[in-house]
């Protein structure tokens, strides 16, 4: 406290503690360095609470089975092949729906983005379709297409179509007009223009749309497989509900979660690969 | 079609690469070009000076055939093979440097010619780079290569060095002059930089309110340096034309005299 006396105006000085230079350091407001495996922290904590609750008998097994029951059930389901066959049925619907929906969304977005007439004809109906929740169309689709595979694939396609269309169309429309001018001055043909300028310029938007689409695919699948099905993950869970087999329902949920994460990761990986020209910008 | 109603005809080679007669262009009833007359001979380098809003870019866009929805009439004849260098390098960010140079270029030997053009602008070793990895000056050199590889009869340049720093600009002037001497296209360089115009061009035209109000041959033999009396006189005259009064000017000439 000796320093106080040297201040004629009686201004407060900090007493010189250990490492006096630190007194000039600003308080850090940013969250700081990331914790190793920080992202796993939340899920692990949840798992711990779940396990502890089940072990202590605080969680009723009929409401939520214990984690180890879920694991052994999953093992049994894999062993007798039921999980694989349901998963294969679901994956087939998802992939077909994703394929048709993506193709349709992409084609419509290109047609509507590249010509004013196309925009007039296509954009309105797609926006109307967007306003109606796709799953609300299921009753109508059942009447039209029956309860078979066609209805399921068409429903998934319709769900996929919207985000692919919206983001691709938006990506296409936000291509800089300067590039259009450039294409005119180097005399690109219509097709060359689409190939060298439109498609690559639209790719970021399209891939963003795909990320929404893959997540939506699994969502649509849950619904159509619970409406009327004799196979698929949704059917497996619905059946388990009627027998009160909570553990099977949980296995289904976990598989859905893993599928969602995996497909999102796949699209992100693709994004990073094909948009490497942007990665250099991000460093 | 629309071209006929506007009297727009594109002729093949003649002794004049560009012939413009009575060219009008207007935006929302405001005349931007008003009975403009200009011709450029084959291989001639013309610099077009003018203040902002004088119609420089409108004229250039008319020559480049980029003014689709603009009202106007007049006779405009330009070669078929026109190439444009924009103020921004305008490289497609998703194409590597060489592919940017080759954009829309036909022919089996296109790649070879593209490589040669890149070598000419001193970027032979960057052909696999992405545009974002280049500096502003390098990007503009790629854009020059993209224009030159097309062997244009008319090269249009819209303030191509406006966005570059002063040192890079000096080097780009040198490069452009060399390239033009070698390839001999007719050049219309739009700029607002009087020194750039005098250093590079055979002829300097001044555009004011949609008309050419001055059109002078540079006619300085040998290197064009600030200190020489011819340079100073020309600069003086052009600046006066552009409405810059003597007291506003930096005392460049006196310092050299």
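Protein chains in written order, with this note's numbering: chain A, 53 to 335; chain B, 38 to 294. Cβ atoms here follow ideal geometry from the backbone N, Cα and C, with glycine treated the same way. Note that the coordinates shown come from a computational prediction; the quantities given were computed from them, not determined experimentally.
| query | Between the segment 111 to 131 of chain B and chain A, which residues of the former have CB atoms less than 8 Å from a CB of the latter, in chain order? | reply | Residues 119, 120, 121, 123, 125, 127, 129, 130 and 131.
| DSSP state of residue 82 of chain B mapped onto helix, strand, coil | Strand at residue 82 of chain B.
| Should the segment 200 to 207 of chain B be called in touch with the segment 166 to 184 of chain B, which here means at least 3 C-beta pairs below 8 Å? | Touching, yes.
| said: So if I threshold CB-CB distances at 8 Å, which residues from the segment 259 to 281 of chain B count as touching chain A? | reply: For the segment 259 to 281 of chain B, no residue has a beta-carbon sitting nearer than 8 Å to a beta-carbon of chain A.
| message | Please confirm whether residue 72 of chain B has its beta-carbon closer than 8 Å to some beta-carbon of chain A. | response | Taking Cβ atoms only, chain A never reaches closer than 8 Å to residue 72 of chain B, which makes this a no.
| request: State whether the segment 221 to 238 of chain B contacts the segment 155 to 163 of chain B, with contact taken as three or more CB pairs (one from each stretch) at a distance under 8 Å. | output: No, because fewer than three Cβ pairs between the segment 221 to 238 of chain B and the segment 155 to 163 of chain B fall closer than 8 Å, the two stretches do not touch.
| Per-residue contacts from residue 243 of chain A into chain B (C-beta, under 9 Å) | Here the premise fails: no neighbours, minimum Cβ distance about 11 Å.
| Option nearest residue 202 of chain A by Cα separation, candidates A/281, A/163, A/247 and A/257 | Per the Cα distances, A/281.
| In three-state DSSP terms, what is residue 74 of chain B? | Note: residue 74 of chain B maps to strand in three-state DSSP.
| task | Could you give the DSSP three-state label for residue 233 of chain B: helix, strand or coil? | result | Of the three classes helix, strand and coil, the one that applies to residue 233 of chain B here is helix, per DSSP.
| request: Kindly indicate if chain A contains any beta-carbon less than 8 Å away from that of residue 101 of chain B. | output: Taking Cβ atoms only, chain A reaches closer than 8 Å to residue 101 of chain B, which makes this a yes.
| Would residue 239 of chain A count as contacting chain B if we go by Cβ distances under 8 Å? | With 8 Å as the cut-off, residue 239 of chain A counts as an interface residue toward chain B.
| Complete runs of the alpha helix (DSSP H) confined to the segment 180 to 206 of chain A [at least 4 residues] | Segments of the alpha helix (DSSP H) lying fully in the segment 180 to 206 of chain A: 190 to 197.
| said: Determine, for residue 224 of chain A, whether the minimum Cβ-Cβ distance to residues of chain B falls below 8 Å. | reply: Interface flag for residue 224 of chain A against chain B is unset, since no Cβ pair is found closer than 8 Å.
| task | Give a yes or no on whether the C-beta atoms belonging to residue 26 of chain B and residue 56 of chain B are separated by under 8 Å. | result | Residue 26 of chain B is absent from the model: chain B starts at 38 and stops at 294.
| query | Excluding five sequence neighbours on each side, which residues of the same chain lie with their C-beta closer than 8 Å to the C-beta of residue 249 of chain B? | reply | Only 73, 74, 75, 242 and 243 meet the Cβ criterion.
| Separation of residue 181 of chain A from residue 216 of chain A, as counted between CA atoms | Residue 216 of chain A and residue 181 of chain A: Cα-Cα distance of roughly 13 Å.
| task | Give the secondary structure of residue 241 of chain B by DSSP, where H, G and I count as helix, E and B as strand, and everything else as coil. | result | Residue 241 of chain B: strand per DSSP, three-state reduction.
| message | Can you find the residues in the same chain that come closer than 7 Å, C-beta to C-beta, to residue 128 of chain B, ignoring five residues on each side of it along the sequence? | response | Only 137, 168, 176, 179 and 180 meet the Cβ criterion.
| query | Would residue 188 of chain B be called buried (16 or more neighbouring beta carbons within 10 Å of its own) or exposed? | reply | Counting Cβ neighbours within 10 Å, residue 188 of chain B comes out exposed, since fewer than 16 surround it.
| said: By alpha-carbon positions, which one of B/95, B/62, B/67 and B/131 ends up nearest to residue 256 of chain A? | reply: Of the listed residues, the one whose Cα sits closest to residue 256 of chain A is B/131.
| query | Using a beta-carbon distance cut-off of less than 9 Å, what residues from the segment 140 to 154 of chain B approach chain A? | reply | Contacts with chain A (Cβ-Cβ distance below 9 Å) from the segment 140 to 154 of chain B involve 140, 141 and 142, listed in chain order.
| request: From the DSSP output, in three-state form, read off residue 228 of chain B for me. | output: Residue 228 of chain B falls in the strand class under three-state DSSP.
| field | Span separating the alpha-carbon of residue 58 of chain B from that of residue 275 of chain B | value | Rounded to the nearest angstrom, the gap between the Cα atoms of residue 58 of chain B and residue 275 of chain B is 23 Å.
| Per DSSP, what kind of secondary structure is residue 122 of chain B in: helix, strand or coil? | Of the three classes helix, strand and coil, the one that applies to residue 122 of chain B here is strand, per DSSP.
| request: Return the Cβ separation of residue 261 of chain A and residue 218 of chain A in integer angstroms, given the expectation that the two are a contact with Cβ distance under 8 Å. | output: The beta carbons of residue 261 of chain A and residue 218 of chain A sit about 7 Å from each other, so the pair counts as a contact at 8 Å.
| field | Cβ shell of residue 268 of chain B (< 7 Å), same chain only, five flanking positions each side left out | value | Closer than 7 Å at Cβ, skipping near neighbours: 235, 257, 261 and 262.
| task | Along the alpha helix (DSSP H) that carries residue 210 of chain B, what are the first and last residues, could you check? | result | Unbroken alpha helix (DSSP H) run through residue 210 of chain B: 203 to 220.
| request: Provide the residue span of the beta strand (DSSP E) that contains residue 141 of chain B, from first to last. | output: That residue, residue 141 of chain B, is in no beta strand (DSSP E); it is neither H nor E in DSSP.
| said: The alpha helix (DSSP H) that contains residue 145 of chain A, what's its start and end? | reply: Element bounds for residue 145 of chain A: 134 to 166.
| query | Going along the chain, which residues of its own chain have a beta-carbon closer than 8 Å to the beta-carbon of residue 221 of chain B, five neighbours each way excluded? | reply | Leaving aside the five residues that flank residue 221 of chain B on each side, the residues in its chain whose CB is nearer than 8 Å to its CB run, in chain order, 79 and 80.
| said: So, for residue 148 of chain B: in the same chain, excluding its five sequence neighbours on each side, which residues have a beta-carbon less than 7 Å away from its beta-carbon? | reply: Closer than 7 Å at Cβ, skipping near neighbours: 139.
| Euclidean distance between Cα positions of residue 86 of chain B and residue 93 of chain B | Straight through space, the alpha carbons of residue 93 of chain B and residue 86 of chain B are spaced by roughly 8 Å.
| message | Within 10 Å of its beta-carbon, does residue 318 of chain A have 16 or more other beta-carbons around it, so buried, or fewer, so exposed? | response | Burial check for residue 318 of chain A: the Cβ neighbour count within 10 Å stays below 16, so the residue is exposed.
| said: Using a 10 Å radius around the Cβ and a threshold of 16 neighbouring Cβ atoms, would you call residue 172 of chain A buried or exposed? | reply: Exposed, since its Cβ has fewer than 16 Cβ neighbours within 10 Å.
| First and last residue of the beta strand (DSSP E) that includes residue 64 of chain B? | Under the DSSP assignment, residue 64 of chain B falls in the beta strand (DSSP E) whose first and last residues are 53 to 64.
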